[in-house]
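Visitor: Pasting a structure below so you can have a look.
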Amino acid sequence: MDKKVIFQRLGIILAYPLAYAYIRFIFNFDEISKSGITILDGKLTIAVTYPVFALMFILVNELIRRGRRNAGSLPSKETLFWYVMTVLAGLTSTIGPELELSLFAMHLCGVYSVLTSNDLLLGGKTSGFIPADLIHGFYVKSFAGFPNFIIDWKCFKKPVAEEGAPAVKRKNVAGAVIFIIVMIVLLIISVSLMSSIDEDLGMFFNDLLWNIEDYLTDLELYEIIPRIIFAIPVCFYLYGLMSRSAKSDGAKEKRFASWLKGFMGKGKTASSTVVYIAAGVFVLAYILFFIKRLAYMMGGFVGDVPDGMLVSHYAREGFFELVGIMAVNMCVYLAIILFGKTDQDGKFSLPAKILVTLLMAESIIFAVIAMSKLGLYYSIYGYTPKRILAMWATLALGFAAGATVVTVYRGKPHFRVGVIFTSISYIAICILSGVLVAIGA
């Protein structure tokens, strides 16, 4: 039998078990978090259920991909990276700062890896189109592929015989099913008659039936049956995502990406003067803010807290606002590249480069100040998962600001580097969080 046909059949067969596992494990946070591999003297337990599910997801996707495309094709390096990130996000879900956030990250990486494995990214690779890519995967491919679970069962049909070849008699499946049912009924009658003759045999089958009844009671069918039912639409969704992606040749994605670039290009109507004034207002506002609040904001570096203020209050005050300002600055940059006119080569003019550089430099200063406040709080009150999560967000935004400066001067987008850094740093921060909890930091 052709390998592609084997992969196609295995992908369909495993689709429902994968969906049932999703319903069974993803929504049992408390049960899953208590099971796993315990390390570091029993203080750190890593649940293995989520990474095992991630591996099942990857296996099914590879079977479907190879069944619908080239059966011998190996995943690309980028696909392998996102496969690894999917598994690691699941692995660190129970030791990271936020279980729900890690599971959300696992979902993002999983869907993104399906698109990557089939070369369906709108930018051809990880790019600024990543929000559109994720929407494309989570909604367009998955829901459009809903009927595929029914349609693809045709791979179980026997191939049409070549002209002139002797016809092969088709098996009567209905007859085989009826035969099996009849045999089971006759077997039950036969066993019943033998049990009435032999008391020991009767006791054996009586105990067996009681054990089966106890087993069915312990199964908690009131929980299993709803999972069996709800796993059906999940099966259609997951298989639809994978099958629809594997069947796509990327032509529609290329046309949509071309339209999206043209649509974004039509929005570049703001003149250079307007861009300079708008960016200059932000830069000047931050300079005035630094002049007015410099001494107060720098207190975190030297541990100098204003009189009458608690350290905890000083450390918390303004931290999230600083992180919010950094996020706003990234939005300002995005607005400039979306609406501001550029050169014929699509590059920034020198004044625009200077203004964006100043804006991002101020963001980096905000990141450093925020980290100093967090460090002061940490040095006095110790570690909590929330604090290390805040540290990661600050670090990621600071890195994005630095990458933006490089992008402006080199004229080459570094969004891909930012996404990879954010993904890897999040996994690292989850591992660090688990270790700190284990050692009692």
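For the sequence shown, this note's numbering begins at 85 and goes up steadily by one. Think of the CB as a built atom: it goes at the ideal place given N, C-alpha and C, for glycine as much as any other residue.
1. For the alpha helix (DSSP H) containing Cys415, name the first residue and the last one.
2. Give the secondary structure of Ile130 by DSSP, where H, G and I count as helix, E and B as strand, and everything else as coil.
3. Quick one: measure Cβ to Cβ for Ser226 and Gly324, integer angstroms, because I've assumed they're closer than 8 Å.
4. With respect to the alpha helix (DSSP H) encompassing Tyr196, which residues constitute its N-terminal and C-terminal limits?
5. Can you name, in chain order, every residue of its own chain whose Cβ lies under 7 Å from the Cβ of Leu192, other than the five neighbours on each side?
6. Quick test of your reading: Ala131 and Tyr510, contact by CB under 8 Å. State the CB separation rounded to the nearest angstrom.
7. Does the segment 306 to 314 touch the segment 85 to 92, meaning 3 or more C-beta pairs lie closer than 8 Å?
8. Among Asn202, Leu372, Ile90 and Val490, which residue has its Cα nearest to the Cα of Lys241?
9. For the 8 Å Cβ check, are there 3 or more pairs between the segment 456 to 475 and the segment 513 to 524?
10. According to DSSP, is Asp86 helix, strand or coil?
11. Roughly how many angstroms lie between the CA atoms of Arg328 and Asn232, to the nearest whole one?
12. For Gln428, count neighbouring C-beta atoms within 10 Å of its own C-beta (all shown protein chains included) and say buried if the count is 16 or more, exposed if not.
13. Helix or strand or just coil, what does DSSP make of Gln428?
14. Rank Asp203, Ala173 and Val195 by C-alpha distance to the C-alpha of Leu187 and give the top, closest one.
15. Check His220 in the structure and name its three-state DSSP category.
16. How is Asn232 classed by DSSP in three states: helix, strand or coil?
17. Would Val407 and Phe450 qualify as a contact pair, given that the criterion is a beta-carbon distance under 9 Å?
18. Would DSSP call Asp291 helix, strand or coil?
Guide: So, from the listed chains and residues:
1. Per DSSP, Cys415 belongs to the alpha helix (DSSP H) from Phe403 to Phe423.
2. The answer is strand: DSSP assigns Ile130 an E or B state.
3. Confirmed, Cβ separation roughly 5 Å.
4. Here the alpha helix (DSSP H) through Tyr196 covers Leu183 to Ser201.
5. Within the same chain, Leu218 come within 7 Å of Leu192 by CB-CB distance, once the 5 residues on both sides are set aside.
6. Not a contact, Cβ separation roughly 17 Å.
7. Short answer: they don't touch.
8. Closest by alpha carbon: Ile90.
9. Between the segment 456 to 475 and the segment 513 to 524 there are three or more C-beta pairs closer than 8 Å, enough to call the two in contact.
10. For Asp86, the secondary structure class from DSSP, reduced to helix, strand or coil, is coil.
11. Whole-angstrom Cα-Cα distance: 7 Å.
12. Summary for Gln428: the model assigns pLDDT 48, below 50, so the residue's position carries little reliability, and this model does not support an answer.
13. Below a pLDDT of 50, predicted positions are generally treated as unreliable, and Gln428, at 48, falls in that range; the measurement from the model is reported next regardless. The three-state reading of DSSP puts Gln428 in coil, since its state is none of H, G, I, E or B.
14. Check the Cα spacing between Leu187 and each of Asp203, Ala173 and Val195: the tightest is with Ala173.
15. It is helical.
16. Helix.
17. For Val407 and Phe450, yes; Cβs fall inside 9 Å.
18. Three-state DSSP puts Asp291 in a helix.
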